[in-house]
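Following the working numbering, the numbering of the sequence shown begins with 16 at its first residue and continues without gaps. Even glycine gets a Cβ: it sits at the ideal position worked out from N, Cα and C. Please read all numbers here as calculations on a predicted model, not as lab measurements. For reference, the structure discussed in these notes is given below.
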Amino acid sequence: MKQLDESRLPVIASITKPEQIHAALTSQVERVILMTGDILQMGDMMDKLHLAGKQVYVHVEMVGGIGRDHSAIQYLADTFHIDGIVSTKSNAITAARNAGISSIQRIFAIDTAAVETAIKVITSAQPNEVELMPGLMPRIIGELKARIQRPLIVGGLIRHEEEIQIALGSGADYVSIGDQRFW
């Protein structure tokens with residue numbers, strides 16, 4: 016089991032509501048996944064988060080007014096200087112690489128077939144990192160981590176510090192969580 020620094024868990028803040036921005040700004044987390052707002056609010060949110068020293072990844076399927084094609088991803092990179100994107104779509108992952116920004120491929124482990132398909136997609140798309148949803152599956156975390164050979168983020172349905180510890184101990188590199196108590 017991985018030895019953990021109790022003073023600083025490897026947590027990524029998942030910002031799912033605009034009112035969480037302030038908490039993220041004042042938190043110890045280094046990375047945030049922006050999953051709220053729309054393209055019209057993006058500039059203000061990005062300015063604040065970057066000024067606070069946060070790396071910002073935009074979930075392109077959750078923030079309004081953003082497409083997932085090459086032009087949209089390039090626009091986000093050029094205009095808002097985002098650090099990366101999160102997407103379930105392989106074409107968005109490829110667009111991020113072409114735009115010179117990082118990517119996190121989000122996958123859902125609903126059954127064995129879904130995991131096998133996800134591994135094929137990851138192999139093809141070559142994201143920088145992978146986010147496994149839900150994050151409460153220690154065996155699957157370990158197996159996936161061994162097969163994908165890249166950083167693994169887990170998220171979804173995590174509610175307790177013990178669950179964070181189990182996920183990290185099972186092989187996850189980070190836990191993305193919307194609960195501000197863990198930021």
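- Flag Ala128 as yes when its Cβ comes closer than 8 angstroms to any non-hydrogen atom of the ligand MN, and as no otherwise. Absence of the ligand MN from the depicted structure is noted, as is the absence of any ligand whatsoever, leaving it without description.
- Would you please state the rounded distance, in angstroms, between the beta carbons of Pro25 and Tyr189? I believe it to be under 8 angstroms. 5 angstroms
- Is the region 143 to 159 touching the region 102 to 121 in the sense that three or more CB pairs, one from each, lie closer than 8 angstroms? yes
- Inter-residue spacing [alpha-carbon to alpha-carbon] between Lys69 and Lys104: 24 angstroms
- Message: So for Ser185, helix, strand or coil by DSSP?
- Response: coil
- Message: Could you give the first and the last residue of the continuous alpha helix (DSSP H) run that contains Glu34?
- Response: Here Glu34 belongs to no alpha helix (DSSP H), and DSSP marks it neither H nor E.
- Message: Per DSSP, what are the beta-bridge partners of Glu144 in this structure?
- Response: Ile119
- 4-residue-minimum alpha helix (DSSP H) runs that sit fully inside the region 44 to 82, ordered along the chain: 57 to 66
- Message: Please list the terminal residues of the continuous alpha helix (DSSP H) segment that includes Leu159.
- Response: Pro153 to Ile163
- Query: For Arg174, does the three-state DSSP call read helix, strand or coil?
  - Reply: coil
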